[in-house]
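**Q** Structure provided below as structure tokens; questions to follow.
Number of protein chains: 2
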Amino acid sequence: MTVSRALSGSPHVKEETRKLVKLRAAELGYVKNAAATAIRGDGVGIVGLLLPTLVNEFYARFADTLATRLESAGLQLIIHLTADKLEQERRSLLKLREVQAAAVVMVPTPGSGTGKNGHTGEMRVIQLIRTEKSYPRSYMALVDDRQAIVKAVRRLAESGHRRIGYLGGATLLSSGSERLSAFISGLQEAGVDPQPKLIHTGIPSFAMGYEGASDMVKRDGATALICAGFEVYNGALNGLLEKDLRLPTEVAFVGYGDPSYYRWLEGGISTIKIPVERLASETARLIQTGTKGQDRDVRKRSVRAEFVKRRSCGSL
Amino acid sequence: MTVSRALSGSPHVKEETRKLVKLRAAELGYVKNAAATAIRGDGVGIVGLLLPTLVNEFYARFADTLATRLESAGLQLIIHLTADKLEQERRSLLKLREVQAAAVVMVPTPGSGTGKNGHTGEMRVIQLIRTEKSYPRSYMALVDDRQAIVKAVRRLAESGHRRIGYLGGATLLSSGSERLSAFISGLQEAGVDPQPKLIHTGIPSFAMGYEGASDMVKRDGATALICAGFEVYNGALNGLLEKDLRLPTEVAFVGYGDPSYYRWLEGGISTIKIPVERLASETARLIQTGTKGQDRDVRKRSVRAEFVKRRSCGSL
DNA sequence: TTGAAAGCGCTAACAG
DNA sequence: CTGTTAGCGCTTTCAA
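Protein chains in written order, with the working numbering: chain X, 1 to 316; chain V, 1 to 316.
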């Protein structure tokens, strides 16, 4: 007990004893056994992060920032990649529950709402970007991109575009339907009629962006394209560039997120820029917030996206 | 005990009992307490990953692949960012030891060799890319980039470059000194004299690449540049592009790693391409390998880098 | 096929 | 200020 007390900084230990204990502990390279602490219910300080992928500058930056923030609070981050697969997500949640993670930050997989996919036990759930109703007492870290999207659409319309394509996440995703609605609002404000053929949504993926983008331009005659989704924008851009479609002369393009290379590509890719670091900081805050102020507003935080105009959204 | 046996698939349980137990467990949303298992010394199935940063396509892809590989072995990945800081690294190793991680995959921080920074306890250590002698019984997952670097230098020389700059990691890093030696060999094979002014090494960082690159071109008259280090290439490229130096007409450029946007930038950035996925797979293998075949060779695996010629290394 | 005991490392609660 | 006891959830060993 004296040893335990000395090491954990209890005041009820003779100063000299403490010194001796610490010294010897260091000599032996002793480290506290987290499992033993955990088994008593003292918490291990583990936070889970469930992402579709890390191969995406937005997610990577988010994970990086979050890990750094958490580390200063003595928390460790376990990363699970779900590839937006329900089964994966289920397994990951299970694993995290086993190690008694204090919280999970997750980009919920589409459809995660149906069935008891998300048995999250004691863990605090923080839904990232998208939300699914199936996590009732969860926290939320969201992006408010409505105004940025509207602005992007209007900008395209102002430079003369009338056939503006939209590539985004499935509307069964909260984020997907909100972004699409913003897009349509934008069109309406600009007095352009929405055209069903120029709206592609689906489970977001590289492939979807890759095929969708060039199809919309070549087959459906889009002269401008807006991407709304992290997984999609990479695919779309690759699709366009590979088909040698020059920006903005052959297609105007607005991406999503702001990967560092956007500045240099084709003289600058316009984009809906998301303040990742801020989002990660807010998330860290949600994780650490006490269980006191559980008002609805405190549980939900959102950061505002911004439209960044670069060369790729120039006029026809 | 019967419950425990039923759940863990022991054959010594009546089939009916097992069914009942499993059913009820599912109803209750029971999950095994990993801490309790761990405290008995059965291992928790956690692997640590220490990286300088995740905001770098190479590291992100590595982490992604590794996490995916490990997941199929029932292992979870804890990520720690060290920012190449010794103190960070020490803290991370400690944390991982506390949770009884089975292994750590780490890009050792420069200087980690001196002092008892790396108290790794029972964990299996896998050094990634760089090596430090201070981890004596460690495993190694390395990149063999010598030939690729030599090839790159020769290619530049063949297109007429005589003032070829080198930007790379400090030579106190194993990787740094090996890459530099490859660079010099390349020059010699091509009959070009190495010039001290055109060789910049240091603790790899974005800033170093950023400043080093344009300095070497504008101040020291380099007509071509080779980057050898993940942290450096991004900085270097940004430095050049920001100063409006066009590739390859004003400077020929060879990067390191092969981020997806290299294909599209400036008509294509030449690079030393590292097979990340393969490296991650080898690493996963090193983690899971039995403690039997501990011959020196089995502990050390390396993948071969490849020189990818694109527009940016064209002639003057 | 099932159960009882014991112990993994730690600390809260209660002596001394 | 230091020590003893007990119990967290699990599985190994031994017994029924």
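From the three backbone atoms N, C-alpha and C, an ideal C-beta is built for every residue, glycine too.
Less than 7 Å between C-beta atoms, sequence neighbours within five positions excluded: which residues of the same chain meet that for V:Arg154?
**A** Residue numbering aside, residue 154 of chain V sits at position 154 when the second sequence is read from its first letter. Within the same chain, V:Arg154 has close Cβ partners Gly186, Glu189 and Ala190.
**Q** Work out the CA separation of X:Tyr233 and X:Gly169 for me, nearest whole Å.
**A** To locate residue 169 of chain X, count along the first sequence from 1; it is residue 169. To locate residue 233 of chain X, count along the first sequence from 1; it is residue 233. If I take the Cα positions, the gap works out to 11 Å.
**Q** Any idea what DSSP makes of X:Glu178, helix, strand or coil?
**A** On the first sequence, position 178 is the one that residue 178 of chain X refers to. X:Glu178 falls in the helix class under three-state DSSP.
**Q** In terms of residues, what are the limits of the beta strand (DSSP E) holding V:Thr271?
**A** As a first step, residue 271 of chain V must be located in the second sequence, where it is residue number 271. Taken as a continuous stretch (DSSP letters only), the beta strand (DSSP E) holding V:Thr271 covers Ser270 to Lys273.
**Q** Roughly how many angstroms lie between the CA atoms of X:Arg97 and X:Ile46, to the nearest whole one?
**A** Position 97 of the first sequence, counted from the first residue, corresponds to residue 97 of chain X. Position 46 of the first sequence, counted from the first residue, corresponds to residue 46 of chain X. When rounded, the distance between both Cα atoms is 10 Å.
**Q** Shorter than 9 Å from the beta carbon of X:His80 to some beta carbon of chain V?
**A** The residue labelled residue 80 of chain X in the question sits at position 80 within the first sequence. So yes, X:His80 belongs to the interface.
**Q** Output the distance between the C-alpha atoms of V:Thr271 and V:Lys309, rounded to the nearest integer angstrom.
**A** Your numbering for residue 271 of chain V matches position 271 in the second sequence. Your numbering for residue 309 of chain V matches position 309 in the second sequence. Cα-Cα distance, rounded: 7 Å.
**Q** Going by beta-carbon coordinates alone, are X:Ala152 and X:Ile269 separated by less than 9 Å?
**A** By one-based count along the first sequence, residue 152 of chain X stands at place 152. By one-based count along the first sequence, residue 269 of chain X stands at place 269. No, Cβ-Cβ distance for X:Ala152 and X:Ile269 is not below 9 Å.
**Q** Quick test of your reading: V:Gly255 and V:Leu237, contact by CB under 8 Å. State the CB separation rounded to the nearest angstrom.
**A** Here the question's residue 255 of chain V lines up with position 255 in the second sequence. Here the question's residue 237 of chain V lines up with position 237 in the second sequence. Indeed, because the Cβ distance is near 7 Å, the residues count as touching under 8 Å.
**Q** As an exercise, report each continuous beta strand (DSSP E) stretch of at least 3 residues that is fully enclosed by the stretch 134-198 of chain X, in chain order.
**A** Here the runs fully enclosed are 139-144 and 164-169.
**Q** I want to see whether chain V comes within less than 9 Å of X:Ser138, judged by CB atoms only; does it?
**A** Looking up residue 138 of chain X in the first sequence gives position 138. Taking Cβ atoms only, chain V never reaches closer than 9 Å to X:Ser138, which makes this a no.
**Q** Taking X:Arg301 as part of the beta strand (DSSP E), name the residues at either end of that continuous run.
**A** To locate residue 301 of chain X, count along the first sequence from 1; it is residue 301. That run of the beta strand (DSSP E) goes Lys300 to Arg304.
**Q** Under 8 Å: do the stretch 123-131 of chain V and the stretch 88-108 of chain V share three or more Cβ pairs, one atom per stretch?
**A** Output reads yes: the stretch 88-108 of chain V touches the stretch 123-131 of chain V.
**Q** For a cutoff of 9 Å on Cβ pairs, would you count X:Thr53 as touching chain V?
**A** Position 53 of the first sequence, counted from the first residue, corresponds to residue 53 of chain X. Yes, X:Thr53 lies at the interface with chain V (some Cβ there is under 9 Å from its Cβ).
**Q** DSSP three-state label for X:Ile46, please.
**A** Indexing the first sequence from 1 puts residue 46 of chain X at position 46. DSSP places X:Ile46 in strand when its eight states are reduced to three.
**Q** So, under 8 Å CB-CB, X:Tyr261 and V:Tyr210 are touching, yes? Tell me the CB distance rounded to an integer number of Å.
**A** Numbered from its first residue, the first sequence carries residue 261 of chain X at position 261. Numbered from its first residue, the second sequence carries residue 210 of chain V at position 210. Rounded, the Cβ-Cβ distance is 15 Å, inconsistent with contact.
**Q** Tell me which residues of the stretch 154-167 of chain V have at least one Cβ-Cβ distance to chain X shorter than 7 Å, keeping chain order.
**A** Listed by position, the residues of the stretch 154-167 of chain V near chain X (Cβ gap below 7 Å) amount to none.
**Q** Answer with yes or no whether the minimum CB distance from X:Val3 to chain V is below 9 Å.
**A** One-based indexing of the first sequence puts residue 3 of chain X at position 3. Closer than 9 Å: no.
**Q** Along the chain, where does the beta strand (DSSP E) that runs through X:Met106 open and close?
**A** Along the first sequence, one-based indexing puts residue 106 of chain X at 106. Element bounds for X:Met106: Ala103 to Met106.
**Q** Alpha carbon to alpha carbon, how far is V:Gln288 from V:Ala73? Give it in angstroms, no decimals.
**A** Locating residue 73 of chain V in the second sequence gives position 73, where the first residue counts as 1. Locating residue 288 of chain V in the second sequence gives position 288, where the first residue counts as 1. So the two alpha carbons sit approximately 9 Å from each other.
**Q** Does the beta carbon of X:Lys32 come closer than 9 Å to any beta carbon on chain V?
**A** As a working mapping, residue 32 of chain X is identified with position 32 in the first sequence. X:Lys32 counts as touching chain V.
**Q** Leaving out five residues on either side along the sequence, give the residues of the same chain with a beta carbon under 7 Å from the beta carbon of X:Ala67.
**A** Numbered from 1 along the first sequence, position 67 holds the residue referred to as residue 67 of chain X. Cβ neighbours of X:Ala67 beyond the five flanking positions: Leu77.
**Q** Nearest to V:Phe302 by alpha carbon, out of V:Glu282, V:Pro136 and V:Val3?
**A** As a position in the second sequence, residue 302 of chain V is number 302, starting the count at 1. Reading off the sequence, residue 302 of chain V comes out as Ser, not Phe. When each option's Cα is compared against that of V:Ser302, the closest is V:Glu282.
**Q** Are V:Val44 and V:Thr37 closer than 9 Å when you measure CB to CB?
**A** As a position in the second sequence, residue 44 of chain V is number 44, starting the count at 1. As a position in the second sequence, residue 37 of chain V is number 37, starting the count at 1. Result yes, Cβ atoms of V:Val44 and V:Thr37 sit closer than 9 Å.
**Q** Do V:Ala305 and V:Pro259 count as a contact pair if the criterion is CB distance below 9 Å?
**A** Counting from 1 along the second sequence, the entry for residue 259 of chain V is found at position 259. Counting from 1 along the second sequence, the entry for residue 305 of chain V is found at position 305. Not a contact, by the Cβ cut-off of 9 Å.
**Q** Could you please tell me which residues of the stretch 86-120 of chain V, in chain order, have their CB closer than 9 Å to any CB of chain X?
**A** The stretch 86-120 of chain V vs chain X, Cβ under 9 Å: Gln88, Arg91, Ser92, Leu94, Lys95, Leu96, Arg97, Glu98, Val99, Gln100, Lys116 and His119.
**Q** Under 7 Å between beta-carbons, which chain X residues line up against V:Leu77? List them in chain order, please.
**A** Position 77 of the second sequence, counting from 1, holds the residue named residue 77 of chain V. The contacting residues are Ile78 and Ile79.
**Q** Could you check whether the Cβ of X:Val13 sits closer than 9 Å to any Cβ belonging to chain V?
**A** The residue you call residue 13 of chain X lines up with position 13 of the first sequence. Not an interface residue.
**Q** List, in chain order, every chain V residue whose beta-carbon is nearer than 9 Å to that of X:Leu7.
**A** As a working note, residue 7 of chain X is residue 7 in the first sequence. Per Cβ cutoff of 9 Å: no residues; X:Leu7 is ~12 Å from chain V at best.
**Q** In angstroms, rounded to a whole number, what distance separates the CA positions of X:Ala60 and V:Arg90?
**A** Locating residue 60 of chain X in the first sequence gives position 60, counting from the first residue. Locating residue 90 of chain V in the second sequence gives position 90, counting from the first residue. Roughly 23 Å between the two C-alpha positions.
**Q** In chain order, what residues of the same chain have a beta carbon less than 7 Å from the beta carbon of X:Thr17, not counting five sequence neighbours either side?
**A** What you label residue 17 of chain X is simply residue 17 of the first sequence in a count that begins at 1. So the list reads Thr2 and Ala6, once near-sequence residues are dropped.
**Q** Quick check: V:Gln100 and V:Glu122, are their CB atoms within less than 9 Å of each other?
**A** In the second sequence, counting from the first residue as 1, residue 100 of chain V sits at position 100. In the second sequence, counting from the first residue as 1, residue 122 of chain V sits at position 122. Going by C-beta atoms, V:Gln100 is nearer than 9 Å to V:Glu122.
**Q** With a cut-off of 9 Å, does the C-beta of X:Ala284 fall near any C-beta of chain V?
**A** Indexing the first sequence from 1 puts residue 284 of chain X at position 284. With 9 Å as the cut-off, X:Ala284 does not count as an interface residue toward chain V.
**Q** At what residues does the alpha helix (DSSP H) containing V:Arg18 begin and finish?
**A** Taking the second sequence and counting its residues from 1, the one referred to as residue 18 of chain V is at position 18. From DSSP, the alpha helix (DSSP H) with V:Arg18 extends over Glu15 to Leu28.
**Q** Residues of chain V with CB closer than 8 Å to the CB of X:Asp64, please, in chain order.
**A** Here residue 64 of chain X refers to the residue found at position 64 of the first sequence. Those within 8 Å of X:Asp64 in chain V are Thr53, Leu54, Val55 and Leu81.
**Q** Following the continuous beta strand (DSSP E) through V:Ile287, name the residue where it begins and the one where it ends.
**A** Taking the first residue of the second sequence as position 1, residue 287 of chain V is located at position 287. Where V:Ile287 is concerned, there is no enclosing beta strand (DSSP E), although the alpha helix (DSSP H) it sits in stretches over Val276 to Gln288.
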